[in-house]
Amino acid sequence: MNSLIKIISKDFEVDENLSENQLREVMVKTFAYLIDDDFPKLLQILYKADVDQDKLKQQLETTEGASSAEVIADAYIARQKAKIETWKKYSGG
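Quick note on numbering: the sequence shown equals residues 29 to 121 in our numbering.
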């Protein structure tokens with residue numbers, strides 16, 4: 029969890045003592061704000077994080093019962109987790 033917060037804190041100011049559920053809530057609120065008020069920054073963050081745009085677009089079109097901000101936050105967090113797993117795999121940790 030600490031690695032996840034560390035990587036996310038490169039893009040956002042987040043409290044390092046958050047649980048994963050709290051982190052998700054913060055990210056959902058943040059992405060909701062970006063969708064409404066700073067869409068170019070949203071795109072920049074997703075690009076920098078290497079979130080698959082085609083996959084995200086499909087998820088946004090097909091996910092029911094969740095807001096766009098929730099879908100984007102989940103995709104962003106999942107991508108950051110995948111990066112951490114790759115680093116662990118190749119660093120022997």
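Cβ atoms here follow ideal geometry from the backbone N, Cα and C, with glycine treated the same way.
Fill in: Own chain, CB closer than 6 angstroms to T91, minus 5 neighbours either side, in chain order
V99
Fill in: Cβ shell of A103 (< 6 angstroms), same chain only, five flanking positions each side left out
V79 and L84
Worksheet item: What are the boundary residues of the alpha helix (DSSP H) that F59 is part of?
Response: E48 to D65
Fill in: Unbroken alpha helix (DSSP H) run spanning A106, endpoints
S96 to S119
Worksheet entry | First and last residue of the uninterrupted alpha helix (DSSP H) at K82 | The amino acid at residue 82 is misidentified as Lys; the sequence shows Asp. First-last of the alpha helix (DSSP H) with D82: Q81 to T90.
Worksheet item: With 16 other CB atoms within 10 Å as the buried threshold, where does F67 fall?
Response: exposed
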